[in-house]
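Chemist: Residue numbers (my numbering): 1051 to 1469.
Every residue, glycine too, gets a C-beta built ideally from N, C-alpha and C.
Please find one structure pasted underneath; my questions will follow.
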Ligand code: HEM
């Protein structure tokens, strides 16, 4: 670490001043430099401490006594009074229930959610997920150029999730739009006009979630779906779950459960097709696909950052950080850490320890949908390598990434499907 970087985090040459949280272009090289020179640095634009080494990030995830998750989904840019008014008038009462809740509330709710969101249950849906994937692939033309994001990875994970949650498939496009909006409001850089329109979208989206839950309550809760499970577990008792917690849980899972998998799938396809040899390896040997999914999550982490708040004064990587500070954990940097992954900037479907990535977080909040996302991406690759083994990227470079500090996935992915 150089002396001036150590003593003055605000100096114009410091990494903190050069950090562009929303811009993803050049991000890999920037974090490589950060890990080598100043692994923990302050960024004034977001008033946060950025942590870049895997061991430090893992330690934060595993220490909920000193690091609260309460800020993990707060809008990076605070809403204006007008936006607040729209949310209050529209009775947008979404409350923290999972990723942004601390114990003991988190434990109570995770225990109930986990009786449904678990590997055993997800495995029961494998055939239906494969069928949905095949149906979506069957809508592609036999040859020619298509945008795989638009034609495949955008909507498919939402359709899968709707199966589990118990929401009609026809609603998937509407929900996709709403959750794009939510993600942009939290982690993007929307204008005030966009935020005002977005707030109206949030109200509509929350109303939709309430109506899904209330309709189920009326029509009967015997079904084998997530909403029925939550209502049965509640059994009319607010001490178990309140109705507002159920609305909030449905709202949360209807966004977290597909946007991430959409990005993860598109990222994975981009990485594989950018390095033809890697794609060809999967075509030749499909047993490599499960590991390729892990390597995709590592190399092209869909959630590039995740937040925590310090509950006490702490020291991370030798840097003193006060209580009440925002910690921005760069998950993509953790997953590229040279101390954990050999040659981390190479995408290698045969990497032995690819699964040790932090793309799904770690500790008590570890992603509850991880087994589902893994299965969805594996099935997608199994089907695509079989149906379109000669698929090629139309353009490897000049890919447009969203202006967003939270999630990463190509806006478009043009491919030539091949014969
Ligand atoms: C590639 C896809 C996905 C990625 C990259 C991803 C990533 C994450 C991350 C980074 C967290 C925060 C973990 C932490 O704080 O330690 C999280 C939490 C969560 N995820 Fe995912 N996720 C994905 C798919 C899904 C799916 C498909 C579902 C639902 C079926 C889901 C449901 C959840 C839930 C409920 C939590 C909160 C867990 C808790 O706080 O206890 N995720 N996810």
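Give me, in chain order, the residues of the same chain whose beta-carbon lies closer than 6 Å to that of residue 1066; leave out the 5 immediate sequence neighbours on both sides.
Modeler: Translated into the one-based positions of the chain shown, residue 1066 becomes position 16. Excluding positions up to five away in sequence, the list reads 1059, 1091, 1092 and 1093.
Chemist: Taking DSSP as the reference, what is the three-state secondary structure of residue 1390?
Modeler: Within the chain shown, numbered from 1, the residue matching residue 1390 stands at position 340. In the structure shown, residue 1390 sits in coil (DSSP, three-state: anything other than H, G, I, E or B).
Chemist: Three-state secondary structure (DSSP) at residue 1233?
Modeler: Numbered from 1 along the chain shown, position 183 holds the residue referred to as residue 1233. If DSSP states are grouped into helix, strand and coil, residue 1233 belongs with the helices.
Chemist: Does the beta-carbon of residue 1237, which I'm using as the reference point, lie nearer than 8 Å to any heavy atom of ligand 1?
Modeler: Taking the chain shown and counting its residues from 1, one reaches residue 1237 at position 187. Because no heavy atom of ligand 1 lies under 8 Å away, the Cβ of residue 1237 does not count as near it: no.
Chemist: Could you tell me whether the Cβ of residue 1318 comes closer than 9 Å to any Cβ of chain D?
Modeler: In the displayed structure, chain D is absent; only one protein chain is listed.
Chemist: Can you find the residues in the same chain that come closer than 6 Å, C-beta to C-beta, to residue 1276, ignoring five residues on each side of it along the sequence?
Modeler: Walking along the chain shown from the start, residue 1276 turns up at place 226. These residues qualify, in order along the chain: 1166, 1214 and 1215.
Chemist: Going by the beta-carbon positions, is the gap between residue 1099 and residue 1404 smaller than 9 Å?
Modeler: Taking the first residue of the chain shown as position 1, residue 1099 is located at position 49. Taking the first residue of the chain shown as position 1, residue 1404 is located at position 354. No, Cβ-Cβ distance for residue 1099 and residue 1404 is not below 9 Å.
Chemist: For residue 1314, count neighbouring Cβ atoms within 10 angstroms of its own Cβ and tell me buried if that reaches 16, exposed if not.
Modeler: Working through the chain shown from its first residue, we reach residue 1314 at position 264. Buried: at least 16 other Cβ atoms inside 10 Å.
Chemist: Run the CB neighbour count on residue 1178, radius 10 Å, all protein chains shown included, and call it buried at 16 or more, exposed below.
Modeler: Numbered from 1 along the chain shown, position 128 holds the residue referred to as residue 1178. It is exposed - the Cβ of residue 1178 has fewer than 16 other Cβ atoms within 10 Å.
Chemist: Can you give the Cα-Cα distance for residue 1222 and residue 1304, rounded to whole angstroms?
Modeler: Walking along the chain shown from the start, residue 1222 turns up at place 172. Walking along the chain shown from the start, residue 1304 turns up at place 254. If I take the Cα positions, the gap works out to 10 Å.
Chemist: Can you give me the C-alpha to C-alpha distance between residue 1290 and residue 1284, rounded to a whole angstrom?
Modeler: Taking the chain shown and counting its residues from 1, one reaches residue 1290 at position 240. Taking the chain shown and counting its residues from 1, one reaches residue 1284 at position 234. Between residue 1290 and residue 1284, the C-alpha separation is close to 5 Å.
Chemist: Counting Cβ pairs closer than 8 Å, one from the segment 1144–1158 and one from the segment 1178–1191, do we hit at least three?
Modeler: Segments in contact, no.
Chemist: Excluding the 5 residues preceding and the 5 following residue 1462 in the sequence, name in chain order all residues of the same chain whose CB lies nearer than 6 Å to its CB.
Modeler: Taking the chain shown and counting its residues from 1, the one referred to as residue 1462 is at position 412. Contacts found: 1197 and 1199.
Chemist: What would DSSP say about residue 1399, mapped onto helix, strand or coil?
Modeler: The residue labelled residue 1399 in the question sits at position 349 within the chain shown. Coil, per DSSP.
Chemist: Round the Cβ separation of residue 1237 and residue 1457 to the nearest angstrom and send it over; I've been treating them as touching at under 8 Å.
Modeler: Locating residue 1237 in the chain shown gives position 187, counting from the first residue. Locating residue 1457 in the chain shown gives position 407, counting from the first residue. Their Cβ separation, rounded to whole angstroms, is 6 Å, which keeps residue 1237 and residue 1457 in contact under 8 Å.
Chemist: Starting from residue 1370, follow its DSSP beta bridges and name the residues at the other end.
Modeler: The residue given as residue 1370 occupies position 320 in the chain shown. Looking at the DSSP assignment, residue 1370 forms a beta bridge with 1365.
Chemist: Is residue 1301 buried or exposed, if buried means 16 or more other CB atoms sit within 10 Å of its CB?
Modeler: Against the chain shown, residue 1301 aligns to sequence position 251. Answer is buried; the Cβ neighbour count reaches 16.
Chemist: Using C-beta distances below 8 Å, list every residue in its chain close to residue 1296, excluding the 5 sequence neighbours before and after it, in chain order.
Modeler: For the purposes of this step, residue 1296 is taken as residue 246 along the chain shown, with counting starting at 1. The answer, listed in chain order, is 1263, 1277, 1280, 1281 and 1284.
Chemist: Three Cβ pairs or more, each shorter than 8 Å: is that satisfied between the segment 1425–1441 and the segment 1315–1334?
Modeler: Contact between the segment 1425–1441 and the segment 1315–1334 is present, because at least three Cβ pairs lie under 8 Å.
Chemist: Using a Cβ-Cβ cutoff of less than 6 Å, which residues in the same chain neighbour residue 1418 once the five nearest sequence positions on both sides are dropped?
Modeler: Counting from one through the chain shown, the residue named residue 1418 turns up at place 368. Within the same chain, residue 1418 has close Cβ partners 1167.
Chemist: Determine the direct distance from the alpha carbon of residue 1139 to that of residue 1349, and round the result to whole angstroms.
Modeler: In the chain shown, residue 1349 corresponds to position 299, counting from 1. In the chain shown, residue 1139 corresponds to position 89, counting from 1. About 43 Å.
Chemist: Within the continuous alpha helix (DSSP H) that includes residue 1241, where are the two ends?
Modeler: Counting from 1 along the chain shown, the entry for residue 1241 is found at position 191. No alpha helix (DSSP H) holds residue 1241; DSSP gives it neither H nor E.
Chemist: What do you reckon, are the CB atoms on residue 1360 and residue 1116 nearer than 9 Å?
Modeler: Position 310 of the chain shown holds residue 1360. Position 66 of the chain shown holds residue 1116. Cβ atoms of residue 1360 and residue 1116: closer than 9 Å.
Chemist: When every heavy atom of ligand 1 is checked, does at least one fall within less than 8 Å of the C-beta of residue 1111?
Modeler: Within the chain shown, numbered from 1, the residue matching residue 1111 stands at position 61. The answer is yes for residue 1111.
Chemist: Helix, strand or coil: how does DSSP classify residue 1329 here?
Modeler: In the chain shown, counting from the first residue as 1, residue 1329 sits at position 279. Residue state, collapsed to three classes: helix.
Chemist: According to DSSP, is residue 1132 helix, strand or coil?
Modeler: One-based indexing of the chain shown puts residue 1132 at position 82. Looking at residue 1132 - three-state DSSP - the assignment turns out to be helix.
Chemist: Should residue 1418 be listed as close to ligand 1, given that the test is whether its C-beta is under 8 Å from any heavy atom?
Modeler: By one-based count along the chain shown, residue 1418 stands at place 368. Because some heavy atom of ligand 1 lies under 8 Å away, the Cβ of residue 1418 counts as near it: yes.
Chemist: I need the boundaries of the beta strand (DSSP E) containing residue 1274, first residue and last residue.
Modeler: Taking the first residue of the chain shown as position 1, residue 1274 is located at position 224. Segment: none, residue 1274 is in no beta strand (DSSP E) and carries neither H nor E.
Chemist: Put residue 1022 into one of helix, strand or coil per three-state DSSP.
Modeler: One cannot answer for residue 1022 here, as it falls past the ends of the chain, which runs 1051 to 1469.
Chemist: Using three-state DSSP, classify residue 1005 as helix, strand or coil.
Modeler: What the structure shows of the chain is the stretch from 1051 to 1469, and residue 1005 is not part of that stretch, so it cannot be assessed.
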